[in-house]
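A.B. asks:
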Amino acid sequence: MSDVKAQLERLRPVYETGVLRLLLRNHAMTYVALLRTCFKPLTAELPKETLEMRLASALEELSHDGEWQYKDGETAQDSAHQTLVELTREGEGDYAWLANSYDPASHHYLYRLTARAHRAIDALSQLEDTTRALSGAQANSIIMEVENARKRLTVDPSERIALLESEVKEREQEISRLRNGESVESLSDKDVEDIIAVVHNTLRGVPVDLHELALEERDNGDALRRRMQENSMSVDEILTAYHERYRRSMRESDSGRRFEDAFQVIVTDEGRRQIDDAVQDIAKSPYLHGEPNQLLNQVRAELKRIYEGIEDVRHQVRVSDEAVSRLVRQRSDTRYRTALDTFNRLFATISQEIKAGASSPSPYSFDVGDATLLALPTRPARPMAFAAPPSLDAVSSVQDDDNPGFADVDLRAMVEAGGPRLRHMLSLIVQDPIMRDGRVDVAASFNQLSDSERRESELVGFLGTLRVDDNGQFSTWRCVSADGTTRAWRTRPVLADVGVLHEIIEEDA
7 MSDVKAQLER
17 LRPVYETGVL
27 RLLLRNHAMT
37 YVALLRTCFK
47 PLTAELPKET
57 LEMRLASALE
67 ELSHDGEWQY
77 KDGETAQDSA
87 HQTLVELTRE
97 GEGDYAWLAN
107 SYDPASHHYL
117 YRLTARAHRA
127 IDALSQLEDT
137 TRALSGAQAN
147 SIIMEVENAR
157 KRLTVDPSER
167 IALLESEVKE
177 REQEISRLRN
187 GESVESLSDK
197 DVEDIIAVVH
207 NTLRGVPVDL
217 HELALEERDN
227 GDALRRRMQE
237 NSMSVDEILT
247 AYHERYRRSM
257 RESDSGRRFE
267 DAFQVIVTDE
277 GRRQIDDAVQ
287 DIAKSPYLHG
297 EPNQLLNQVR
307 AELKRIYEGI
317 EDVRHQVRVS
327 DEAVSRLVRQ
337 RSDTRYRTAL
347 DTFNRLFATI
357 SQEIKAGASS
367 PSPYSFDVGD
377 ATLLALPTRP
387 ARPMAFAAPP
397 SLDAVSSVQD
407 DDNPGFADVD
417 LRAMVEAGGP
427 RLRHMLSLIV
437 QDPIMRDGRV
447 DVAASFNQLS
457 DSERRESELV
467 GFLGTLRVDD
477 NGQFSTWRCV
487 SADGTTRAWR
497 TRPVLADVGV
507 LHEIIEEDA
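In structure tokens:
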């Protein structure tokens with residue numbers, strides 16, 4: 007008996023909370039017929055006035071045939087209005103057939119089928135299908151899927167290689183038969199129809215899922231904008247509510263996960279082109295005529311609705327993203343205006359206290375007002391002249407034959423400040439340096455470079471910092487000016503060890 011109870015508990019949510027609950031409501035069969043008649047296609051949205059007019063026309067036709075009974079004194083329009091109320095009613099554990107939302111552009115309420123109503127009508131469509139036997143194409147499709155899963159789930163490399171080699175062998179045998187001119191097995195119209203039906207059954211229901219996903223995102227965005235206009239919640243609360251609904255619809259729902267995973271392949275131009283090319287090649291097949299050709303047209307229509315559904319979902323997400331951006335900007339602007347208003351009031355308060363002076367109960371204090379300031383001198387006490395202090399190396403060095411008194415230049419710091427142009431110049435100099443007292447004479451080595459490497463415009467900043475020493479020692483840099491003439495610059499001598507130059511060059515390598 008425990009097994010019976012377990013089975014009963016498994017069926018209880020199906021009957022009480024699922025699609026079956028909707029189909030067990032009173033007049034469910036009539037409601038499905040009315041919805042199929044009014045909504046063409048089922049994913050359409052209708053204004054309230056249009057929907058009531060179509061319902062009234064359909065109910066009047068049913069009333070003539072005795073399939074619908076008006077209440078006492080009720081007209082077709084009144085019955086249509088009451089039926090619309092019943093279709094959108096929720097409560098007492100019942101689910102609604104229709105949902106509505108306000109369209110700001112048309113200033114009308116638009117009605118659409120709920121996701122549960124779509125699934126209920128689709129379930130009835132499957133029950134209406136008179137096909138009972140499994141077709142050969144469907145069986146082959148199942149076998150292919152099982153074999154594909156087997157290959158992907160095989161962990162042993164040797165076994166997986168054997169499966170792949172078996173598949174390759176079958177393909178090679180088929181290619182060999184075709185090359186030898188052997189006749190290809192012809193397909194009957196029923197076989198072709200079964201093959202196309204497998205593709206059609208795979209695509210069925212996908213446009214409905216995409217449409218519901220787009221509507222869910224649109225409703226989520228509408229709720230976001232409505233909360234912004236009502237100003238009934240804080241910005242953080244509005245954003246939290248939006249992202250929570252977005253997570254449920256796009257991340258946790260089945261349709262949202264399918265959109266993020268499988269439908270992303272179709273979004274790309276390459277994936278869509280591959281599908282369209284395959285369908286176009288199928289259409290060129292000589293087998294396509296009669297019923298199979300009509301079924302292929304239905305496949306094309308389903309693909310078109312899938313493409314439109316994907317673009318609709320992406321459009322609704324972009325619209326919601328724009329609303330979120332406006333809300334974030336609004337929060338930033340509000341904070342700025344609040345801070346600006348605070349500063350303005352603070353400035354006004356301080357100004358009033360200053361104007362009040364001593365009469366104010368809490369006067370603004372200026373302690374500097376009692377200070378005595380000395381008069382500024384009319385001219386400086388001594389002439390103002392700038393004297394550059396000598397470097398430590400210049401002061402500590404003793405001039406003799408081995409040390410002629412040149413002040414060392416911090417060439418490393420100059421190259422770091424001058425950038426890659428100076429480093430490039432040093433890399434050319436070390437290739438053919440001119441030595442002076444065992445060190446590289448940078449200026450003399452520079453002068454033997456080509457004219458294109460001695461452009462004055464690239465070295466003005468570097469040469470301007472190398473002023474001539476007080477002892478009169480200098481080096482001459484022969485630079486090429488913009489007009490092509492040679493111009494001499496005199497600076498203090500620049501000597502450096504070869505090893506130091508290589509270190510400077512390699513620092514940026």
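Those letters in the sequence shown? Residues 7 to 515, per the numbering used here, in order. Glycine included, each C-beta is placed from N, C-alpha and C at the ideal position.
1. What are the boundary residues of the alpha helix (DSSP H) that includes Asp242?
2. Under the assumption that Leu65 contacts Ala86 (Cβ atoms under 8 Å), give the Cβ distance between them as a whole number of angstroms.
3. Would you list the one or two residues that DSSP bridges to Arg493?
4. How long is the line joining the alpha carbons of Gln235 and Gln336, rounded to whole angstroms?
5. Is it right to say Asp553 is buried, meaning 16 or more other beta carbons lie within 10 angstroms of its own, or is it exposed?
6. Using the C-alpha atoms, what's the distance from Val204 back to Ala168?
7. Checking the sheet assignment: what are the DSSP bridge partners for Met441?
8. For Leu104, report the span of its beta strand (DSSP E) as first-last.
9. According to DSSP, is Arg95 helix, strand or coil?
10. Please say whether Asp225 and Ser107 have beta carbons closer to each other than 8 Å?
11. Ignore the nearest five residues each way along the sequence and tell me which others in Leu57's own chain have a CB closer than 7 Å to its CB.
12. From His430 to Arg460, what distance separates their C-alpha atoms?
13. Label Val174 either buried or exposed according to how many other C-beta atoms from any shown protein chain fall within 10 Å of its C-beta, with 16 as the threshold for buried.
14. Leaving out the 5 sequence neighbours to the left and right, which residues in its chain are closer than 7 Å to Pro19 when beta-carbon positions are compared?
15. Let's see if you can read the secondary structure: which residues bound the beta strand (DSSP E) around His295?
16. Secondary structure at Arg27, three-state DSSP: helix, strand or coil?
17. Per DSSP, which residues does Leu116 bridge with? Please list them.
18. Pull the bridge partners of Arg461 from the DSSP assignment, please.
19. Considering only the alpha carbon of each residue, which of Arg42, Thr81 and Leu333 lies closest to Leu130?
20. Which residues in the same chain have their Cβ closer than 7 Å to the Cβ of Tyr76, if we skip the five residues on either side of it in sequence?
21. Assess, as a yes-or-no matter, whether the segment 493-502 is touched by the segment 466-474 under the definition of 3 or more beta carbon pairs within less than 8 Å.
22. Less than 6 Å between C-beta atoms, sequence neighbours within five positions excluded: which residues of the same chain meet that for Asp406?
23. For Asp9, count the other beta carbons within 10 Å of its own beta carbon; 16 or more makes it buried, fewer makes it exposed. Which is it?
24. Beta-carbon within less than 6 Å of Val325's beta-carbon, same chain only, minus the 5 sequence neighbours each way: which residues are those?
25. Taking 7 Å as the limit between beta carbons, can you name the residues of its chain near Leu221, skipping five residues before and five after?
26. In or out: Arg2 buried (at least 16 other Cβ within 10 Å) or exposed?
27. Could you tell me the distance, in whole angstroms, from the CA atom of Glu509 to the CA atom of Asp416?
28. Please report the distance separating the alpha-carbon of Gly505 from that of Met441.
29. Tell me, please, whether the segment 245-255 touches the segment 342-358 by the rule of three or more beta-carbon pairs shorter than 8 Å.
30. For Phe353, count neighbouring Cβ atoms within 10 angstroms of its own Cβ and tell me buried if that reaches 16, exposed if not.
31. On the premise that Asp195 lies in contact with Pro298, defined as a C-beta separation below 8 Å, what is that separation, rounded to the nearest angstrom?
32. Going by DSSP, name the residue or residues bridged to Leu40.
33. Does the distance from the C-beta atom of Ala449 to that of Ser481 stay below 8 Å?
34. Using beta-carbon positions only, say whether Thr49 and Val214 come within less than 8 Å of one another.
35. Just curious, the alpha helix (DSSP H) that Leu193 is in, first and last residue?
36. For Leu465 and Leu428, what's the separation of their Cα atoms in angstroms?
C.D. replies: Once the coordinates are examined:
1. For the purposes of this step, residue 242 is taken as the residue at position 236 of the sequence shown. That run of the alpha helix (DSSP H) goes Val241 to Arg253.
2. Taking the first residue of the sequence shown as 1, we reach residue 65 at position 59. Taking the first residue of the sequence shown as 1, we reach residue 86 at position 80. The beta carbons of Leu65 and Ala86 sit about 6 Å from each other, so the pair counts as a contact at 8 Å.
3. Translated into the one-based positions of the sequence shown, residue 493 becomes position 487. Paired residue(s): Cys485.
4. Numbered from 1 along the sequence shown, position 229 holds the residue referred to as residue 235. Numbered from 1 along the sequence shown, position 330 holds the residue referred to as residue 336. Roughly 12 Å separates the two Cα atoms.
5. Only positions 7 to 515 of the chain appear in the structure, and residue 553 is not among them; the question remains open.
6. Counting from one through the sequence shown, the residue named residue 168 turns up at place 162. Counting from one through the sequence shown, the residue named residue 204 turns up at place 198. In a straight line, the C-alpha of Ala168 is about 29 Å away from that of Val204.
7. By 1-based counting over the sequence shown, the position of residue 441 is 435. Val446.
8. Taking the first residue of the sequence shown as position 1, residue 104 is located at position 98. Leu104 to Asp109 is the span of the beta strand (DSSP E), which, as asked, contains Leu104.
9. Locating residue 95 in the sequence shown gives position 89, counting from the first residue. Coil.
10. For the purposes of this step, residue 107 is taken as residue 101 along the sequence shown, with counting starting at 1. For the purposes of this step, residue 225 is taken as residue 219 along the sequence shown, with counting starting at 1. Yes.
11. Taking the first residue of the sequence shown as 1, we reach residue 57 at position 51. Excluding positions up to five away in sequence, the list reads Cys44, Leu90 and Tyr117.
12. Counting from one through the sequence shown, the residue named residue 430 turns up at place 424. Counting from one through the sequence shown, the residue named residue 460 turns up at place 454. If I take the Cα positions, the gap works out to 11 Å.
13. Counting from 1 along the sequence shown, the entry for residue 174 is found at position 168. The residue in question, Val174, is exposed, as its Cβ has fewer than 16 Cβ neighbours within 10 Å.
14. Working through the sequence shown from its first residue, we reach residue 19 at position 13. So no residue of the chain qualifies.
15. Counting from one through the sequence shown, the residue named residue 295 turns up at place 289. Annotation for His295: no beta strand (DSSP E) segment contains it, and DSSP assigns it neither H nor E.
16. Residue 27 sits at position 21 when you count from the first residue of the sequence shown. Residue state, collapsed to three classes: helix.
17. The residue given as residue 116 occupies position 110 in the sequence shown. Answer is Pro53 and Ser107, bridged to Leu116.
18. Taking the sequence shown and counting its residues from 1, one reaches residue 461 at position 455. Answer is Val486.
19. The residue you call residue 130 lines up with position 124 of the sequence shown. Measuring from the Cα of Leu130, the nearest candidate turns out to be Arg42.
20. Indexing the sequence shown from 1 puts residue 76 at position 70. So the qualifying residues of the chain are Ser69 and Ser85.
21. yes
22. Here residue 406 refers to the residue found at position 400 when the sequence shown is read from its first residue. The predicted position of Asp406 is uncertain, since its pLDDT is 45 and thus under 50; a value taken from the coordinates is nonetheless stated next. Residues of the same chain with their beta carbon placed closer than 6 Å to that of Asp406 are lacking, with the five preceding and five following residues left out of the count.
23. Locating residue 9 in the sequence shown gives position 3, counting from the first residue. Its Cβ having fewer than 16 others within 10 Å, Asp9 is exposed.
24. Your numbering for residue 325 matches position 319 in the sequence shown. Cβ neighbours of Val325 beyond the five flanking positions: Gly227.
25. For this step, residue 221 is matched to residue 215 along the sequence shown. Arg118, listed in sequence order.
26. The shown model of the chain, from 7 to 515, leaves out residue 2, and the question about it has no answer.
27. Mapped onto the sequence shown, residue 509 falls at position 503. Mapped onto the sequence shown, residue 416 falls at position 410. Whole-angstrom Cα-Cα distance: 13 Å.
28. As a working note, residue 505 is residue 499 in the sequence shown. As a working note, residue 441 is residue 435 in the sequence shown. Going by the C-alpha atoms only, they are around 13 Å apart.
29. no
30. Mapped onto the sequence shown, residue 353 falls at position 347. With fewer than 16 other Cβ atoms within 10 Å, it is exposed.
31. In the sequence shown, counting from the first residue as 1, residue 298 sits at position 292. In the sequence shown, counting from the first residue as 1, residue 195 sits at position 189. So it is a contact: roughly 6 Å between Cβ atoms.
32. Taking the first residue of the sequence shown as position 1, residue 40 is located at position 34. DSSP, once it has assigned bridges, lists no residue as partnering Leu40.
33. Sequence index remark: in the sequence shown, residue 449 carries index 443 (1-based). Sequence index remark: in the sequence shown, residue 481 carries index 475 (1-based). Cβ distance < 8 Å, so Ala449 and Ser481 count as in contact.
34. One-based indexing of the sequence shown puts residue 49 at position 43. One-based indexing of the sequence shown puts residue 214 at position 208. Taking 8 Å as the Cβ cut-off, Thr49 and Val214 qualify as a contacting pair.
35. As a working mapping, residue 193 is identified with position 187 in the sequence shown. Looking at the DSSP string, Leu193 is not in any alpha helix (DSSP H), and its letter there is neither H nor E.
36. In the sequence shown, the residue the question calls residue 465 occupies position 459. In the sequence shown, the residue the question calls residue 428 occupies position 422. Straight-line Cα distance between these residues: approximately 8 Å.
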